[in-house]
Structures are given as structure tokens and as C-alpha cells.
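One structure below.
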Amino acid sequence: MFLRSIQWRLQAWHGLTLILVLAGFGFTVFRLHRETELQQMDRELDQHLNVLVRALRDHRPPGRSSPTGLDHSGPGSSALPSSRGFRLLPEREELFSEETGFYYIVWRRDGHTLGRSTNAPVSIPMPSVAPSDRGTRARELVRESFHFTPPGECLLVGRLTGADQARLRRFSMSLWGLGAGVLTLGLLGGWWIARRALRPITDITTTAARISGGNLSERIEAKKTDDELGHLAEVLNATFARLQASFDRQREFTANAAHELRTPITVVMSQSESALARERSLPEYREALAACLRAAKRMRQLTEALLSLARMDGSQTSLKREQVDLCAVVRESIGSLNSLAEQSQIRIENEHGSLKGIGDPETLRLVVTNLLTNAIQYNREGGVVTVRIASESSWAVVSVMDEGPGVSADSLGRIFERFYREDGSRSRHTGGVGLGLAIAKTCMAAMGGSISATNIEPHGLCVTVRIPGVPIGG
């Protein structure tokens, strides 16, 4: 559960990184401090060792090179015992005491002890290295520096390191405590920063959940900042606005479709109920069936238009992209509507030329047929429908013009909306359902083209569609 939270994952990564950094920093500081302490200790050992070397040199009799010729009791006698063979002056002996922590011991070449401080440990092994060497060694709770003289004596100065090691342990514990404090503060600070940074995401999630629950009018409060979350809120608000508009159009579309279907259904039901209410004559039955047939045809026209819109909304990516002979498409559409034009006493004039465009042939044929049907239905009696094919820049253009009443300036931009009618009664009188131009607009958008409408002086409407043209030599 916690691992799925972005805040806890950020906190975990932040904590792990902080632990690694603090551990590396603490180890480095402790190592440097320990090396500094050891170097300081070695310098002090060397200083005390130099005191011992000078004292040994000062006590050596002139002209005597024997490693044991430090102090004799008389002619022909051997060296004194180790406890009396070598002594430091009192002021120098004070450097080697319990208070200072330093001690010394001097050996002859053969390993016998020449002298030692009173605080020197009883059992100290002589360094086993070649003469004339100087070195440092560490034993348990002891660090020692030694020197071999040319005659062969070995001088060793040592120091107890128990206090130093205790001090290092205290320093280590201080580092641990400091690291724990910094880690705690870092984790608390990281938790606060992560929570503050992710709080807008929580607000966005909560608001989005309410919006998905049906409250499409609600919006995310976009803070007046230029950060990524502010931009995200703006993008989501724009998406929700488009979603709300889409749902509003869908509800309006559903309501309009239900309204359009209700009228023919009411006609069928009323005519059927009237015919079945009592015995009627054959002409009356024929009249009732004819009314039902007209209503059924209107319902079929409406359902076909709705299916066309549904297919275009759901299959835009499956449209063909090929060369289309616009002249052939216009001729086929005119041929399929000749009977309708003759019934309305409308003449269709085709001002065509040789022109090709890029699009889907069946979809383009549906668009031209819808435009011609509208031009015939809304034309004046005995009027003319003119179809003109032309090329404009990189576009192939088909214009359909009628001699009807045209459209008011206020409605000119809305006639491509679904179920929109400038006059609520006009479409019903002509048998339209208010979807022809909406279907044409959807088709043109799917093919990467456009559609527009303008009024013609003194009267009439010109609807123009544009699709990508075929390049010269293509």
C-alpha cells in the first residue's frame, strides 16, 4: 500500500540517498580524524624518541664505540644491570611518566636491556628489524616508535593509546548522533516537501473523481504558477471543458433524435389506433396505411442519417486516401437525384471540368449527394441548382448553389450543427431531418477537408467543400 504511494516512494529514495551520503561523509570524517590523531601521536613519539637518542649520544664515553660502553663500574668490569645501565636526567625523565603516558626502553645489540622508564610495561618484545632502521608499530592499546643506532642499540618510545581510542569512540558516537539528527531532520524535511509538492496532485485527483462522478461543470483550481502542475491543471480543465461540451452535444443530439422519432411514431400509433377502433372502408384503410408508410419512410431516413454519423464518428481512420475524379462523383450524384429534381421541377446544371482530389470516393459521394438534396429541397419552384468544380491553390473545390431563400447571417455559422434548423417548420415541410449538412461536415473533417456556406445575392445559398488536390504530374 505504502509502496504504491508516490510520496512514500519519494521519501524512501530520499531517505536511502541521505543515509548513503551521511554514511560516506561520516566514514570519511572519522577516517581523516583518526589519521590526523595517529599522525599527531607519531610526531609526539618521534619527538620523545629524538630526546632519547640525544640522551644516549650524550652519555656515550668519547672514543668508545662499544654498544655497551655507556657506564662502567671500574676497569675490566662488565656493563651494569639494565636497571643501572642507562639513566636520563631528571628533567628529561619527567617526559616519560604515568602523567604523560610515554615510556621508553633501550636494548643492547644482543637484546639485553640497558635502561627503561619506571612506567614501561614489563614484557616488551624488541623490534625484529635490521639495524639503522626507524619505524613505528602498534600493539594492543600501545603505539611505539623505535630506532636502531649504528653501534646496534635499539631505542623504543611507546605510548598507551587507551585514552586515544576512547576519545575516538566518543568522536564516533558523536558522528553517529549527528548523523541520526541530520537524518531525522532530512526525513522530516523531505516528508514536508514531498507532501507540499504532491498536495496539488491530491487536489487534482479529488476534483477529477468528482468530475468523473457526473459533475462535469466543476473545474480544477489552477494556481497562478508557472510550474508543471499548474500547466497540468490547465490541460485537464481544457480536457474537461471539451468533455462537457461533448456530453452536452451528445445529450442534445439524443434529445433531438428522440424528438424527431417521436413524431413519426406518434403518426403510426394514431393512424393504427384509429384504423383499428372500428370497421372502416377500404379507402380509409389505404389512407391510414399511406400515412404509416410516410412516417416509416421518415424514420428510415432519420435512422440512416444517424447511422451515417455514427460510422463517420467511429471510423475516421479507416477512410481511403486515394485519387478521386470529382467530375465522375458529381455526375453519379446528379444521376441518382434526377427523379427528385424532376418532381420538384428543379434543373441541375453541372459546370464541370477535369479535376481530381485526394479523399475517399464513397464518402465524397455521400457529401455531394447531401448537398444536392438540400439544394433541391430548399430551392424555389422551377429553380436551378448549379454545381461548379474548380481548383484553388492546392485544393480541389466543389460548390453547390441554389436559388432558395438562403440563410440568415445569425444562422449561417450554425447550419452545420446536428438537428439545427433556422425555421422549425421548413425541414418538416421538405422532409428533412436536419442532419444532411452535419453529415457533410463530419465527412469533410474525416478526409482532411473543409466545408463552408455563404449567401448568394440576390437570393440563394452556396455550399463549398474543399479537399486536398492532386499535385501537378501526380
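Numbering (the numbering used here), first residue to last: -16 to 457.
Note that beta-carbon positions come from the ideal geometry of N, C-alpha and C, so glycine has one too.
Query	Result
Same chain, Cβ closer than 7 Å to residue 385, neighbours up to 5 away in sequence not counted	358, 361, 362, 366, 368, 443, 444
Contacts around residue -10, its chain only, beta-carbon distance under 7 Å, and the 5 residues preceding and following it disregarded	177, 178, 181
Which of helix, strand or coil DSSP assigns to residue 157	helix
Nonlocal neighbours in the same chain, by C-beta distance under 6 Å from residue 397, ignoring five residues either side	403
Those runs of the alpha helix (DSSP H) which lie wholly inside the region 132 to 211 and span at least 4 residues	145 to 195
From 227, 334, 240, 271, residue whose alpha carbon lies closest to that of residue 253	271
Separation of residue 121 from residue 30, as counted between CA atoms	17 Å
Whole-angstrom distance between residue 427 and residue 436, CA atom to CA atom	14 Å
Residue 103 in three-state terms, based on DSSP	coil
C-beta atoms of residue 250 and residue 278 nearer than 8 Å	yes
Through-space distance from residue 334 to residue 316, alpha-carbon basis	14 Å
First through last residue of the alpha helix (DSSP H) which encompasses residue 326	309 to 326
Span of the beta strand (DSSP E), counted from its first residue to its last, around residue 120	117 to 122
Nearest-angstrom Cα separation, counted from residue 143 out to residue 166	36 Å
Residue 334, enclosing beta strand (DSSP E) - first and last residue	330 to 334
For residue 384, three-class secondary structure by DSSP	strand
Residue 438 in three-state terms, based on DSSP	strand
Residues near residue -3 in its chain [Cβ-Cβ closer than 8 Å; skip 5 each side]	169, 170, 173, 177
Cutoff 7 Å; reference residue -7; Cβ partners in own chain excluding five residues on either side	177
The region 68 to 86 in contact with the region 31 to 41 per 3-pair CB rule at 8 Å	yes
Minimum C-alpha distance to residue 91 - residue among 69, 105, 364	69
As assigned by DSSP and simplified to three states, the class of residue 339	strand
Residue 379, DSSP secondary structure in three states	strand
Residue environment, residue 204, which counts as buried when at least 16 other CB atoms sit within 10 Å	exposed
Residue 25 versus residue 140 - alpha carbon distance	10 Å
Selection from 94, 108, 110, 86 that minimises the alpha carbon distance to residue 102	86
Reference residue 198; option with closest CA among 183, 226, 210, 212	226
Where residue 398 falls: helix, strand or coil (DSSP)	coil
Buried versus exposed call for residue 230 [16 or more other C-beta atoms within 10 Å across all chains shown]	exposed
CA-to-CA distance, residue 309 to residue 458, given in whole angstroms	One cannot answer for residue 458 here, as it falls past the ends of the chain, which runs -16 to 457.
Terminal residues of the beta strand (DSSP E) in which residue 70 lies	Here residue 70 belongs to no beta strand (DSSP E), and DSSP marks it neither H nor E.
Three-state secondary structure assigned by DSSP to residue 363	coil
Pick from 276, 261, 216, 282 that is closest to residue 245, judged by C-alpha positions	282
Three-state secondary structure assigned by DSSP to residue 216	helix
Option nearest residue 291 by Cα separation, candidates 321, 423, 110	423
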